[in-house]
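The numbers in UniProt numbering rise by one with no breaks, and the one at position 234 of the sequence shown is 234.
Even for Gly, the Cβ is constructed at its ideal location relative to N, Cα and C.
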Amino acid sequence: MISRAVKQPAVVFRLGHMGDVALATGVLSHWRELLGDAFVFVTREANLPLLENHPAVAETVGLSPEDLTGAGWFRRCGDLARQYAGATLVDLHGTLRSRILALRWKGEVRRYPKFGLARRLFERTRLERLRVKLEALNVPQRYALALDRTAPPREAVLPRIFLTEAEKEAAARLLAPVSCEGPLVALHPYATHPAKQWPAENWMRLAALLDEADMNWFVVGRSDTPLTNGHERDLTNATGLRATCGLLGRADLLVTGDSGPMHLAGGVGTPVVALFGPTARAWGFYPAGPRDRVLERDLPCRPCSLHGAGRCAHGFECMTGITPDTVMDAVRAVLA
Numbered sequence: 001m002i003s004r005a006v007k008q009p010a011v012v013f014r015l016g017h018m019g020d021v022a023l024a025t026g027v028l029s030h031w032r033e034l035l036g037d038a039f040v041f042v043t044r045e046a047n048l049p050l051l052e053n054h055p056a057v058a059e060t061v062g063l064s065p066e067d068l069t070g071a072g073w074f075r076r077c078g079d080l081a082r083q084y085a086g087a088t089l090v091d092l093h094g095t096l097r098s099r100i101l102a103l104r105w106k107g108e109v110r111r112y113p114k115f116g117l118a119r120r121l122f123e124r125t126r127l128e129r130l131r132v133k134l135e136a137l138n139v140p141q142r143y144a145l146a147l148d149r150t151a152p153p154r155e156a157v158l159p160r161i162f163l164t165e166a167e168k169e170a171a172a173r174l175l176a177p178v179s180c181e182g183p184l185v186a187l188h189p190y191a192t193h194p195a196k197q198w199p200a201e202n203w204m205r206l207a208a209l210l211d212e213a214d215m216n217w218f219v220v221g222r223s224d225t226p227l228t229n230g231h232e233r234d235l236t237n238a239t240g241l242r243a244t245c246g247l248l249g250r251a252d253l254l255v256t257g258d259s260g261p262m263h264l265a266g267g268v269g270t271p272v273v274a275l276f277g278p279t280a281r282a283w284g285f286y287p288a289g290p291r292d293r294v295l296e297r298d299l300p301c302r303p304c305s306l307h308g309a310g311r312c313a314h315g316f317e318c319m320t321g322i323t324p325d326t327v328m329d330a331v332r333a334v335l336a
């Protein structure tokens with residue numbers, strides 16, 4: 001249930017990485033369905049492709065790196081406040097930058113419950129009651145509470161990325177040399193932080209298991225160290241953001257760590273097998289589709305950080321302990 005009608009297009013603010021913005025796309029669709037309105041979305045320039053063709057987005061505002069630094073951000077906040085005076089600001093970021101913008105905003109400001117204190121306490125104490133509280137609502141449900149009275153069900157706010165027919169056809173052409181009879185599995189073996197990365201030899205073993213099972217596979221993502229050396233199935237660094245979404249849309253399944261492409265796959269309706277190590281479902285950044293699977297180990301040291309940036313005294317056992325056979329079993333279960 002919505003707490004109030006939004007009389008004019010609200011301005012939604014979310015920076016972060018592509019996964020953060022991808023998680024907001026389903027919330028926009030949810031609000032569009034209930035309110036009938038479209039929104040202005042403010043984010044980093046690099047995230048703008050995710051919002052193309054979205055029926056709930058009337059306008060986008062891309063922020064450059066210069067906009068987000070020091071005096072540049074203070075000036076940009078003034079520009080935005082004047083340009084959209086009277087509109088509601090929906091803050092889906094909840095950081096110092098968005099607080100500065102809110103201080104200069106000439107209209108109502110709505111925020112979502114970030115559960116920051118509960119997350120920090122859980123990271124330190126791992127109390128069960130905190131875990132239950134945090135896992136009760138994922139991040140899109142929390143976003144929705146910026147305007148909703150009660151949280152919608154998870155399936156109502158799954159990511160939504162709208163590909164054109166031309167983009168779908170381009171993805172099909174790119175994959176034509178590597179796909180044939182049988183399921184097509186996308187592999188995303190990269191991570192921003194080493195602690196969240198499954199060992200390369202495990203990825204290669206998984207690829208071999210897929211071959212043995214007569215399943216097609218291809219590698220997607222961006223990295224300075226591609227998984228293979230020129231293999232025809234390795235499309236690392238070969239596509240931009242929209243084209244990557246097109247490839248994921250052609251796949252029957254994506255295997256990945258806790259990553260941005262995990263949410264891109266959800267946005268194009270592709271189920272995910274996700275490997276979680278230093279991070280946890282309690283943070284709310286997990287795939288929530290009906291066929292999605294999260295593989296994780298029950299270790300007393302998990303979770304050890306919000307984004308997986310911390311060091312590890314246990315040899316990253318949370319990730320290395322997930323075997324290729326375990327992942328292959330999950331792949332078979334989802335595809336069944």
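Exercise. Skipping 5 residues on each side, what residues in its chain have a beta carbon closer than 6 Å to that of L51?
Worked result: For L51, where only same-chain residues beyond five positions count, the Cβ hits under 6 Å are F41, V57 and T60.
Exercise. Which class does E123 belong to by DSSP, given the choice of helix, strand or coil?
Worked result: Three-state result, E123: helix.
Problem set entry | Environment of P290 [buried if 16+ CB atoms lie within 10 Å] | Residue environment analysis places P290 among the exposed positions, since fewer than 16 neighbouring C-beta atoms fall within 10 angstroms of its C-beta.
Exercise. CB L184 to CB A251, shorter than 8 Å?
Worked result: Yes, Cβ-Cβ distance for L184 and A251 is below 8 Å.
Exercise. Which value, in whole angstroms, describes the spacing of the CA atoms of V157 and E201?
Worked result: Their backbone Cα atoms lie some 36 Å apart in a straight line.
For this session: Please indicate yes or no: does the CB of M204 lie closer than 7 Å to some heavy atom of the ligand MG?
Result: Among the components modelled here there is no ligand, and therefore nothing to report on the ligand MG.
For this session: State the start and end residues of the unbroken alpha helix (DSSP H) segment that holds V21.
Result: That run of the alpha helix (DSSP H) goes M18 to L35.
Problem set entry | Minimum C-alpha distance to D214 - residue among G221, L206 and R160 | By alpha-carbon distance to D214, the top candidate from G221, L206 and R160 is L206.
Exercise. Apart from the five residues on each side of it in sequence, which residues of its chain come closer than 8 Å, Cβ to Cβ, to T326?
Worked result: Within the same chain, T326 has close Cβ partners L295.
Exercise. How big is the Cα-Cα spacing for L241 and Y286?
Worked result: C-alpha separation (whole angstroms): 20 Å.
For this session: May I ask you to report which of helix, strand or coil DSSP gives T60?
Result: T60: strand per DSSP, three-state reduction.
Problem set entry | Which residues DSSP lists as bridging T43, in chain order | Answer is G62, bridged to T43.
Exercise. Which one or two residues does DSSP pair with T256 in a beta bridge?
Worked result: H188 and A274, per the DSSP bridge assignment.
Problem set entry | Which of helix, strand or coil DSSP assigns to L235 | Of the three classes helix, strand and coil, the one that applies to L235 here is coil, per DSSP.
For this session: Rank A176, A10 and G284 by C-alpha distance to the C-alpha of Y84 and give the top, closest one.
Result: The alpha carbon of Y84 has as its nearest neighbour, out of A176, A10 and G284, the alpha carbon of A10.
Exercise. Tell me, which residues are paired with N216 by DSSP?
Worked result: Answer is L184.
Exercise. In chain order, what residues of the same chain have a beta carbon less than 7 Å from the beta carbon of P177, not counting five sequence neighbours either side?
Worked result: So the list reads E232, once near-sequence residues are dropped.
For this session: Specify the secondary structure class of T178 as computed by DSSP and reduced to three states.
Result: A small fix is needed here, since residue 178 is Val in this sequence, not Thr. Three-state result, V178: coil.
Problem set entry | Exposure label - V139; buried when at least 16 CB within 10 Å | With 16 or more other Cβ atoms within 10 Å, it is buried.
Exercise. On the three-state DSSP scale, how would you describe L295?
Worked result: In the structure shown, the three-state DSSP call for L295 is strand.
Exercise. Whose C-alpha, out of A87, L96 and A81, is nearest the C-alpha of E16?
Worked result: The question names Glu, but residue 16 is Gly in the sequence shown. The shortest C-alpha separation from G16 is found at L96.
For this session: Using the Cα positions of P159 and R14, report the straight-line distance between them to the nearest angstrom.
Result: Roughly 15 Å between the two C-alpha positions.
Problem set entry | Collapsed DSSP secondary structure at L147 in the structure displayed | DSSP places L147 in coil when its eight states are reduced to three.
Exercise. According to the neighbour-count rule (16 or more other Cβ atoms, all chains shown, within 10 Å of its Cβ), is G260 buried or exposed?
Worked result: With 16 or more other Cβ atoms within 10 Å, it is buried.
Exercise. When DSSP labels each residue in this structure, what does V139 get in the three-state scheme?
Worked result: Looking at V139 - three-state DSSP - the assignment turns out to be helix.
Exercise. Distance, Cα to Cα, H54 vs F162?
Worked result: Inter-residue distance for H54 and F162 is about 6 Å (C-alpha atoms, whole angstroms).
Exercise. Touching or not, the region 24-36 and the region 130-150, by the rule of three or more beta carbon pairs under 8 Å?
Worked result: Segments in contact, yes.
Exercise. Within 10 angstroms of its Cβ, does S98 collect 16 or more other Cβ (buried), or is it exposed?
Worked result: In this structure S98 is buried. Its beta-carbon is surrounded by 16 or more other beta-carbon atoms within 10 angstroms.
Exercise. What are the residues that DSSP puts in a beta bridge with D224?
Worked result: According to DSSP, D224 bridges with nothing at all.
For this session: Could you give the DSSP three-state label for R173: helix, strand or coil?
Result: R173: helix per DSSP, three-state reduction.
For this session: List the whole-angstrom C-beta distance separating L275 from G257, where the pair is believed to meet the contact cut-off of C-beta under 8 Å.
Result: With a Cβ gap of about 5 Å, L275 and G257 count as contacting.
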